[in-house]
Each structure stands twice: as structure tokens, then as C-alpha cells.
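Notes follow the structure.
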Amino acid sequence: MQQVPDDLFVLKKKNKEENADSKPSESFWIDAISILRQNKLAMTGLAINIGLIVMAIIGPMLVPYSYSDQNLLNSNLPPSFDYWFGTDDLGRDLFSRTWVGARISLFIGITAVVLDLIIGIIWGGIAAYKGGKTDEVMMRIVDILYGLPHLLVTILLMVVLKPGLLTIIIAMAATGWIGMARLVRGEILRLKESEFVMASQVLGGSFFRVLFKHLIPNAMGPIIVSMTLSVPGAIFAEATLSFLGLGVPVPLASWGTMTSEGLVTLLTGEIWRLFFPALFISLTMFSFNVLGDGLRDALDPKFRK
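Position one of the sequence shown corresponds to residue 1 (this note's numbering), numbered consecutively onward.
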């Protein structure tokens, strides 16, 4: 009769030791940050991202012109000391509009990716950890949605719903979470048979406690990398919608709408109207991609070894 309490004590002690490893240790993240800091290209991407966010916040306040002020007498002026990025065909200051557009493009891109992250983690995590028929049904739904063209679904929702920022985000998140769900499912399937998970289950850990306290934290490396790499894709998707005339309503501006409006300048010669929004779209995609590559190298256990 004395053996049962002793075994329980040993099991609890073992579980405490394994729980110490059930989450990535502080040294893991410290080492990852150290590796990331040594990657000059990734740090350049991070600096560009920070610079774009800062300019999106303060940029419109650096000039005395509003993004919506019109002055036909000053239409299509080239860049100068008065108008740093020039003006458009309605005499609106392109510098102010560029950074207001940065606010909208970055907000839409980051918000859509965060929604993809939340839905993907919940859907993929439950499917993988529950397993059986639950996994079968949930992943068949994912396979059906995965077969639908993402851009086509987004455009159809944009046509049906009322135009606006919320509509764009909902339309982009409608099928954007599928890739995250598949990634999370794969990571959870890899981790669910680990000893620390089984120890937590034996000691009565609930379904959601095991999933969100033990499994998800250990899968955060690939999730963070995927999230970082998804942001430029979401920004480019918003730019595509705006280019097709399904973007933010006037007089608001985004990089996509500015690019669409500036396309005609290839024929008329006011090339600055196209150059600046296209430049910042390209710069944003470059910076997020190189940062994502750096994070992948820093968080990849194979690379760390």
C-alpha cells in the first residue's frame, strides 16, 4: 500500500521536470535573438519595417497638407521642396497620401494575418490533437476551401459585401487561415506524442490546457515565421484588390489605390505618381521576406545545431 503514493510522487516529480521543458526555455529565445542579430540582412529588414511603421504614424504630420486636400492649380506637380513626392491629378499632396496609404495597407495586412493566425491555430490545433473523425471532417473542409482560388473568393466577397476596410479584412481572412491551419496541424501531430504531453494527460490536464499550454508554445517557431512571411502577401493582396477597383473608398488612400491611379502616368509622363507607392510596396515585401527568412534560420533547430 505504500508503493502507490511513492509512484504517484515519482510521477508528479517527473512531470514537473518535463514541464520545465514543455515550453521553449528562455535560453532558446535568447539564442534565437542572438542568431537573428547576427543576420545583417534580416536586421536590415527589421529596421525597414520599423521605419515604415514610424513614418506611417508621423509622416502625414510632417507636411501642412492633408491627404484629401485638392488644389487643381497644383495638379501633377513634380517632387519639390513644397511637395516632396509631388502631387496627383487633383492637386493632392502625394507625400501625405503615401503615408496615410501606409497606415491602411499595413493595418489591413497585419490585421488579416492576425485573424489567420487565431483561426488557424484553433482549427488546426483542435483537429490534430482531437484526431479521429474530428480531424478527418475538419481537414476535409480545409481541403475543399484550399481548392478554391483565394483571390477569386476574396473578389466575390468584396462584390457581395459593403465596401470598406472591414470588408477587405473579412474577405482576405475568409480563406487566408487555411495555410496556417495546415501548418499548425502538422506541428501538433509531431508534438502530441511527446513525453511531456503524455505526462500532462496522465495527471489530468484538460484538453485545452494541454493544447494551449504545452503544444502551441512548442510550435510557435514555425508559426511566427509563417506569420511574418504572410504579411507581405496580405499587403500585396490588398494592393491587388485596390488595383482592381475593390479597395478602400475615396478619398482614403492605400498603396494599391495610388498605384492604380498612377498607372496612367506611364503614358502621360508623371511617373512619380506611380513610382512612390510601387517603391514602398516593393520595400515592404522585401523587408518582411528577409526578416521572415532570418527568423526561420534563428528558430530552426537544425540550423541551431
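Each residue gets a CB set at the ideal place from its N, CA and C atoms; glycine is no exception.
Can the beta-carbon of residue i be found less than 9 Å from the beta-carbon of residue j?
i	j	result
residue 253	residue 104	yes
residue 138	residue 99	no
residue 44	residue 290	yes
residue 242	residue 260	yes
residue 262	residue 277	yes
residue 135	residue 185	yes
residue 123	residue 142	yes
residue 297	residue 102	no
residue 284	residue 217	no
residue 167	residue 157	yes
residue 83	residue 69	no
Sorted by chain position, which residues of the same chain lie with C-beta nearer than 8 Å to residue i's C-beta, five sequence neighbours on each side aside?
i	result
residue 111	169
residue 224	295 and 299
residue 266	274
residue 75	87, 88, 89, 90 and 91
residue 173	112, 115, 116 and 119
Which same chain residues, not among the five before or five after residue i, have their C-beta less than 6 Å away from its C-beta?
i	result
residue 16	Its pLDDT being 47, under 50, residue 16 is placed unreliably in this model, and the coordinates cannot settle the point.
residue 150	175
residue 226	183
residue 22	Low local confidence applies: a pLDDT of 49 at residue 22 is under 50, so the model's placement there is unreliable, with the coordinate-based value given in what follows. Only 196 and 214 meet the Cβ criterion.
residue 292	225, 228 and 229
residue 177	116, 119 and 120
residue 46	291
residue 286	none
Which residue comes first and which comes last in the alpha helix (DSSP H) that contains residue i?
i	result
residue 311	Shown here, the chain extends from 1 to 305; a query on residue 311 therefore has no answer.
residue 212	Unbroken run through residue 212: none, as it is neither H nor E.
residue 366	A query on residue 366 cannot be resolved here, the shown segment of the chain reaching from 1 to 305 and no further.
residue 130	94–130
residue 149	Careful: residue 149 lies outside any alpha helix (DSSP H) and carries neither H nor E.
residue 277	272–299
residue 49	40–58
residue 184	178–191
residue 268	265–268
When we look at the beta-carbon of residue i and count the other beta-carbons within 10 Å, is it buried (16 or more) or exposed?
i	result
residue 190	exposed
residue 195	exposed
residue 246	buried
residue 180	buried
residue 64	exposed
residue 269	exposed
residue 71	exposed
residue 202	exposed
residue 188	buried
residue 281	buried
residue 200	buried
residue 258	buried
Since residue i and residue j are thought to touch, with beta carbons under 8 Å apart, how far apart are those beta carbons, to the nearest angstrom?
i	j	result
residue 113	residue 239	That belief does not hold up - the Cβ atoms of residue 113 and residue 239 are roughly 15 Å apart, past 8 Å.
residue 107	residue 95	That belief does not hold up - the Cβ atoms of residue 107 and residue 95 are roughly 19 Å apart, past 8 Å.
residue 49	residue 288	7 Å
residue 97	residue 67	4 Å
Leaving aside the five residues before and after residue i along the sequence, list all residues of the same chain whose C-beta is less than 7 Å from its C-beta, in chain order.
i	result
residue 192	128, 129 and 215
residue 79	85, 86 and 272
residue 60	67, 96, 99 and 100
Within the present structure, is the beta-carbon of residue i separated from the nearest heavy atom of the ligand GTP by less than 8 Å?
i	result
residue 56	As far as ligands go, the structure on display features none, and thus does not contain the ligand GTP.
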